[in-house]
Amino acid sequence: MPKSITALILISVFTTFIGGCAYQRVQPWERDILAQKKMSLDPYPLDTYLDEHIYFSKENSSGGQGVGGGGCGCN
Amino acid sequence: MPATGMNSALRMVAALLLFLISSLAYSDPAPDFTLPADKGEIRLSDLKGKVVYLDFWASWCGPCRKSFPWMNDLQARYGDKGLVILAVNLDKDTAAAKQFLEKYPAHFRVAYDPDGKVPALYGVKGMPSSFFISRDGQMHSAHQGFHDQDTAGLEATVQSLLNK
Amino acid sequence: MQLKNPKPIRQALTLATCGMLAGVAPAGSVLAADKPLEVDSAILFYSETDRVQAFEPVVRVRKEIGEEEFVSARVVIDALTGSSANGAIATATPQTFTSPSGNATYQVNANETPLDPTFHDTRGAVNAQWEKPLSQQLKGVFSANASTEFDYTSFGLAATISKDINDKLTTLIVGASANFDQVSPAGNIPVGLTPMPVFPAVKTTTDASDTKTVTDLMFGVTQVINRNTLMQLNYSFGSDSGYLTDPYKILSVVDGGTGALRASDPYVYEKRPDSRARNALYWKMQHQFTEDVLTLSYRYYGDDWGVTSHTLEGFYRYELNATHYLQPHVRYYRQGKADFYHTYLIDGQETTLKEASADYRLGDLTTTTLGLKYGMALGEGSEFGVRLEVMNQSGESDSPIGVMAGQDLSTDLNAVILQINYSLLF
Chain U
1 MPKSITALIL ISVFTTFIGG CAYQRVQPWE RDILAQKKMS LDPYPLDTYL
51 DEHIYFSKEN SSGGQGVGGG GCGCN
Chain V
1 MPATGMNSAL RMVAALLLFL ISSLAYSDPA PDFTLPADKG EIRLSDLKGK
51 VVYLDFWASW CGPCRKSFPW MNDLQARYGD KGLVILAVNL DKDTAAAKQF
101 LEKYPAHFRV AYDPDGKVPA LYGVKGMPSS FFISRDGQMH SAHQGFHDQD
151 TAGLEATVQS LLNK
Chain F
1 MQLKNPKPIR QALTLATCGM LAGVAPAGSV LAADKPLEVD SAILFYSETD
51 RVQAFEPVVR VRKEIGEEEF VSARVVIDAL TGSSANGAIA TATPQTFTSP
101 SGNATYQVNA NETPLDPTFH DTRGAVNAQW EKPLSQQLKG VFSANASTEF
151 DYTSFGLAAT ISKDINDKLT TLIVGASANF DQVSPAGNIP VGLTPMPVFP
201 AVKTTTDASD TKTVTDLMFG VTQVINRNTL MQLNYSFGSD SGYLTDPYKI
251 LSVVDGGTGA LRASDPYVYE KRPDSRARNA LYWKMQHQFT EDVLTLSYRY
301 YGDDWGVTSH TLEGFYRYEL NATHYLQPHV RYYRQGKADF YHTYLIDGQE
351 TTLKEASADY RLGDLTTTTL GLKYGMALGE GSEFGVRLEV MNQSGESDSP
401 IGVMAGQDLS TDLNAVILQI NYSLLF
């Protein structure tokens with residue numbers, strides 16, 4: 001799948017670029033902002049759950065964010 | 001920016017070195033510092049003759065909330081035997097610390113280090129972190145995190161240092 | 001960078017576990033220490049123009065049972081009514097279809113996209129989750145889920161293990177899940193690519209029910225970039241096997257020259273492959289400005305049905321003041337069609353093709369969603385939110401033949417999503 005390889009390379013380059021430019025080692029006592037709920041990776045799990053359910057039933061693609069969504073007869 | 005980069009690189013090296021040395025055995029004097037505190041300033045070396053429980057905390061740190069009542073209790077029970085608990089706050093904004101203290105009052109000494117100079121010196125690896133300093137100012141041991149099951153061990157360390 | 005003067009409620013919402021990498025740390029564990037029960041609830045209203053209406057309440061309860069150890073349960077009811085596209089194309093004359101049960105018929109007006117009005121269902125789903133610290137650096141999340149609707153049941157297990165490394169600036173994640181589903185459609189399982197009989201004739205069926213297994217494996221990395229930025233990269237591989245066909249979907253069979261529906265047996269049941277291998281690459285970034293938070297994500301998806309898709313999503317949490325925020329949301333999704341997607345079949349193709357489906361969800365498709373959420377902190381750990389979103393799906397059809405030229409074969413679907421959230425701590 002050349003397309004998927006292209007996507008992988010693009011993401012890697014992009015991630016390295018953004019990450020590399022802005023990277024600063026954060027000390028344990030400097031994690032006040034990262035500790036906020038709104039900075040957690042999934043601050044509103046019910047929103048995510050409902051969105052995934054909607055798009056799972058309306059589109060062919062699914063997954064990516066995590067595992068264990070549960071099945072439904074909607075697709 | 002290069003100066004800051006240098007500075008943080010140096011701090012990292014210092015922290016790493018300190019960590020390496022300290023994890024082997026604490027046979028060195030605890031690094032001295034002076035910080036603004038609840039009442040004026042506090043200098044670590046002025047506490048010589050006391051056993052110091054040096055705690056690093058922040059208002060956003062969850063386990064710190066649990067540790068405060070326990071430290072109050074510890075200070076109350078061992079204060080007259082020579083224990084000084086010194087909790088160094090590491091919030092960038094000291095106002096956040098003051099709000100925390102309104103909810104979780106501290107009956108021990110509190111100092112403020114918004115620039116994080118002292119934790120770098122001590123090589124703090126996680127929040128909260130505590131360091132045990134003997135009466136002669138020597139670093140005895142360190143502890144990271146705060147879990148209910150750790151409290152018995154922490155108290156035993158305090159007792160052994162007080163009895164030395 | 002200095003924080004603005006923190007206000008009490010903002011403080012209350014600042015949930016943290018210092019022992020873990022912020023960001024992947026379970027939100028709420030701090031307050032859980034004081035008030036060990038979190039209740040999170042939402043009601044979703046989903047409404048498609050002329051089609052499906054859904055009403056979906058969800059409740060999630062989470063409780064700390066040990067140090068950094070949580071159990072949670074989620075219960076969902078999903079009530080659907082309305083009509084759903086059956087896969088057939090619009091024609092210049094009215095069409096008659098046999099309902100899935102085989103006991104009745106329904107009519108579709110001339111020049112209208114055929115919708116099956118018998119579409120209604122209520123689904124109940126439960127999920128139980130256990131978050132358990134396995135060591136200072138290792139954390140496990142184990143979950144089980146089950147759901148039931150009148151023609152479908154699903155049972156699944158999932159496990160995710162994450163490991164903090166690099167002074168908790170990096171987290172490695174590995175996850176696996178397996179779902180075991182059973183479909184028992186109204187009127188039993190039709191034989192794929194065989195004609196839909198005209199009522200009262202009865203379709204040929206294989207069985208009353210069939211099964212499907214869905215497994216997923218995921219590898220992820222989360223990295224703290226700086227004091228305000230967090231990044232995540234996941235790769236997941238999925239494998240589906242068993243009955244993956246939609247038993248209710250059909251295809252129109254037309255004359256290759258005129259484009260008119262075949263005189264006899266104008267519709268056949270769809271048939272999909274019995275396996276699918278999926279790959280997904282997911283990237284997410286969260287960055288906090290002085291107070292506002294920008295979340296961006298991109299997903300690449302590809303499967304061996306020939307579908308590839310790109311999903312771009314962005315949220316911007318705009319803090320109105322200490323307790324209120326507005327959050328615009330944009331989502332753009334584009335997929336390329338499956339190898340066996342056909343808007344219609346040409347007479348004879350149903351015998352030569354191994355698989356075929358006219359389900360627009362397998363065709364070339366673009367989904368665009370625009371939304372706005374308003375959130376308000378009500379007190380310590382208690383929060384209210386409402387979001388309104390509009391979604392458009394536009395699908396492209398195969399080229400029309402002959403008489404089809406006058407018909408709209410492509411999909412254009414509009415939906416409105418309204419969701420109300422309320423969470424509190426006990």
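Protein chains in written order, with our numbering: chain U, 1 to 75; chain V, 1 to 164; chain F, 1 to 426.
Just so you know, even glycine gets a beta-carbon here, dropped at the ideal spot from N, CA and C.
Just so you know, these numbers come straight off a predicted model, no measurement behind them.
> V293/F CB to nearest chain U CB: under 8 Å?
Replying inline: The residue you call residue 293/F lines up with position 293 of the third sequence. For V293/F, the answer is yes, since a Cβ of chain U falls inside 8 Å of its Cβ.
>> Just to confirm the assignment: which complete beta strand (DSSP E) runs, minimum length 3, are found wholly within the stretch 133–158 of chain V?
In response: Whole beta strand (DSSP E) segments, 3+ residues: 139–144.
> Per the contact definition of three or more C-beta pairs closer than 8 Å, is the stretch 395–406 of chain F in contact with the stretch 247–267 of chain F?
Replying inline: Contact between the stretch 247–267 of chain F and the stretch 395–406 of chain F is present, because at least three Cβ pairs lie under 8 Å.
> Per DSSP, S41/F is paired with what?
Replying inline: For the purposes of this step, residue 41/F is identified with residue 41 of the third sequence, where counting begins at 1. Answer is V59/F and Y422/F.
> With DSSP run on the structure shown, which of helix, strand or coil describes Y360/F?
Replying inline: Numbered from its first residue, the third sequence carries residue 360/F at position 360. Residue state for Y360/F is assigned as helix, using DSSP reduced to three classes.
>> Are the CB atoms of F119/F and Q155/F within a distance shorter than 8 Å?
In response: Here residue 155/F refers to the residue found at position 155 when the third sequence is read from its first residue. Here residue 119/F refers to the residue found at position 119 when the third sequence is read from its first residue. With the sequence shown as reference, residue 155/F is identified as Phe, and Gln is not the correct amino acid for it. Taking 8 Å as the Cβ cut-off, F155/F and F119/F do not qualify as a contacting pair.
>> Please tell me whether Y46/F and I346/F are closer than 8 Å, where the distance is taken between their beta carbons.
In response: For this step, residue 46/F is matched to residue 46 along the third sequence. For this step, residue 346/F is matched to residue 346 along the third sequence. Result no, Cβ atoms of Y46/F and I346/F do not sit closer than 8 Å.
>> Short of 6 Å in beta carbon distance, which residues of its chain neighbour T215/F, apart from the five on each side in sequence? Order them along the chain.
In response: Taking the third sequence and counting its residues from 1, the one referred to as residue 215/F is at position 215. Taking T215/F as the centre and dropping the five residues before and after it, the same chain places the C-beta of A178 and S239 closer than 6 Å to its C-beta, in chain order.
> Residues of chain V with CB under 8 Å from E67/F, in chain order?
Replying inline: Locating residue 67/F in the third sequence gives position 67, counting from the first residue. Residues of chain V passing the Cβ test: H147, D148 and Q149.
> Between N234/F and G70/U, which are expected to be in contact by the criterion C-beta below 8 Å, what is the C-beta distance as a whole number of angstroms?
Replying inline: Taking the first residue of the third sequence as 1, we reach residue 234/F at position 234. Taking the first residue of the first sequence as 1, we reach residue 70/U at position 70. In fact, because the Cβ distance is near 19 Å, the residues do not count as touching under 8 Å.
> Where does E380/F sit, in a helix, a strand or coil, going by DSSP?
Replying inline: For this step, residue 380/F is matched to residue 380 along the third sequence. In this structure, E380/F counts as coil in the three-state DSSP scheme.
>> Taking only three categories from DSSP, how would you classify R77/V?
In response: Counting from 1 along the second sequence, the entry for residue 77/V is found at position 77. Collapsing the DSSP output to three states places R77/V in a helix.
> S160/V to V51/V, Cα distance in whole Å?
Replying inline: As a first step, residue 160/V is located in the second sequence; it is residue number 160 there, counting from the start. As a first step, residue 51/V is located in the second sequence; it is residue number 51 there, counting from the start. Distance between the alpha carbons of S160/V and V51/V: 10 Å.
> C86/V: which of F56/V, F100/V, E102/V and A120/V sits nearest, CA to CA?
Replying inline: In the second sequence, counting from the first residue as 1, residue 86/V sits at position 86. The amino acid at residue 86/V is misidentified as Cys; the sequence shows Leu. Per the Cα distances, F56/V.
> Skipping 5 residues on each side, what residues in its chain have a beta carbon closer than 6 Å to that of H324/F?
Replying inline: For the purposes of this step, residue 324/F is taken as the residue at position 324 of the third sequence. Within the same chain, Cβ atoms closer than 6 Å to the Cβ of H324/F are found at M376, the five residues on either side in sequence being excluded.
> Would you say S101/F reaches chain U, if we count a Cβ-Cβ gap shorter than 8 Å as a contact?
Replying inline: Stepping through the third sequence from its first residue, residue 101/F is reached at position 101. Not flagged as an interface residue toward chain U: S101/F, since no C-beta distance is shorter than 8 Å.
>> Do L230/F and V221/F count as a contact pair if the criterion is CB distance below 8 Å?
In response: The sequence position of residue 221/F within the third sequence is 221, counting from 1. The sequence position of residue 230/F within the third sequence is 230, counting from 1. Not in contact: V221/F and L230/F (Cβ atoms no closer than 8 Å).
> Beta-carbon of K125/V versus every beta-carbon of chain F: anything under 8 Å?
Replying inline: As a working mapping, residue 125/V is identified with position 125 in the second sequence. Closer than 8 Å to the CB of K125/V there is at least one CB belonging to chain F.
> Between E155/V and L74/V, what straight-line distance do the alpha-carbon atoms span, to the nearest angstrom?
Replying inline: Locating residue 155/V in the second sequence gives position 155, counting from the first residue. Locating residue 74/V in the second sequence gives position 74, counting from the first residue. Going by the C-alpha atoms only, they are around 8 Å apart.
> chain V beta carbons: is any one of them nearer than 8 Å to that of F426/F?
Replying inline: Translated into positions along the third sequence, residue 426/F becomes position 426. Output row for F426/F: interface = no.
> So is G49/V buried or exposed if we call it buried at 16+ other beta carbons inside 10 Å?
Replying inline: Looking up residue 49/V in the second sequence gives position 49. Around the C-beta of G49/V, fewer than 16 other C-beta atoms lie within 10 Å, and the residue is accordingly described as exposed.
> Taking the Cβ atom as the reference point for each residue, do D304/F and R276/F lie within a distance shorter than 8 Å?
Replying inline: For the purposes of this step, residue 304/F is taken as residue 304 along the third sequence, with counting starting at 1. For the purposes of this step, residue 276/F is taken as residue 276 along the third sequence, with counting starting at 1. Taking 8 Å as the Cβ cut-off, D304/F and R276/F qualify as a contacting pair.
> Just the Cα atoms here: how many angstroms apart are T213/F and E68/F?
Replying inline: Residue numbering aside, residue 213/F sits at position 213 when the third sequence is read from its first letter. Residue numbering aside, residue 68/F sits at position 68 when the third sequence is read from its first letter. Between T213/F and E68/F, the C-alpha separation is close to 33 Å.
>> I'd like the ranges of any alpha helix (DSSP H) spanning at least 4 consecutive residues and lying wholly in the stretch 58–108 of chain V.
In response: Taken in chain order, the unbroken stretches of alpha helix (DSSP H) that lie wholly in the stretch 58–108 of chain V and span 4 residues or more are 62–78 and 94–103.
> Which of the three DSSP states, helix, strand or coil, is assigned to V126/F?
Replying inline: Translated into the one-based positions of the third sequence, residue 126/F becomes position 126. V126/F falls in the strand class under three-state DSSP.
> Which word fits T113/F, buried or exposed, when buried means at least 16 other C-beta atoms lie within 10 angstroms of its C-beta?
Replying inline: Residue mapping note: residue 113/F aligns to position 113 of the third sequence, counting from 1. It counts as buried.
> Can you name, in chain order, every residue of its own chain whose Cβ lies under 8 Å from the Cβ of K37/U, other than the five neighbours on each side?
Replying inline: Translated into positions along the first sequence, residue 37/U becomes position 37. Around K37/U: P43.
> Based on the DSSP output, what are the partners of H324/F in its beta bridges?
Replying inline: Numbered from 1 along the third sequence, position 324 holds the residue referred to as residue 324/F. Beta-bridge pairing links H324/F to M376/F.
>> I need the DSSP call for P197/F, collapsed to helix, strand or coil.
In response: Taking the third sequence and counting its residues from 1, one reaches residue 197/F at position 197. Note: P197/F maps to coil in three-state DSSP.
> Cβ of G99/U within 8 Å of Cβ of Y152/F?
Replying inline: Outside the shown range of chain U (1 to 75) lies residue 99/U, about which nothing can therefore be said.
>> Going by DSSP in three states, S45/V sits in which element: helix, strand or coil?
In response: One-based indexing of the second sequence puts residue 45/V at position 45. Three-state DSSP puts S45/V in a helix.
>> Using a 10 Å radius around the Cβ and a threshold of 16 neighbouring Cβ atoms, would you call N127/F buried or exposed?
In response: Working through the third sequence from its first residue, we reach residue 127/F at position 127. Result: buried.
>> For S297/F and E319/F, what's the separation of their Cα atoms in angstroms?
In response: Here residue 297/F is taken as the residue at index 297 of the third sequence, counted from 1. Here residue 319/F is taken as the residue at index 319 of the third sequence, counted from 1. Roughly 21 Å separates the two Cα atoms.
>> Looking at F70/F: is its Cβ nearer than 8 Å to the Cβ of K63/F?
In response: Taking the first residue of the third sequence as position 1, residue 70/F is located at position 70. Taking the first residue of the third sequence as position 1, residue 63/F is located at position 63. Yes; because the gap between Cβ atoms is below 8 Å, this pair is in contact.
>> Please list, in chain order, the residues of the stretch 32–57 of chain U that have any C-beta partner in chain V closer than 8 Å.
In response: Closer than 8 Å at the C-beta level to chain V, one finds these residues of the stretch 32–57 of chain U: D32, A35 and Q36.
> Within 10 angstroms of its Cβ, does S135/F collect 16 or more other Cβ (buried), or is it exposed?
Replying inline: Taking the third sequence and counting its residues from 1, the one referred to as residue 135/F is at position 135. Counting other Cβ atoms within 10 Å of its Cβ, S135/F stays below 16 and is therefore classed as exposed.
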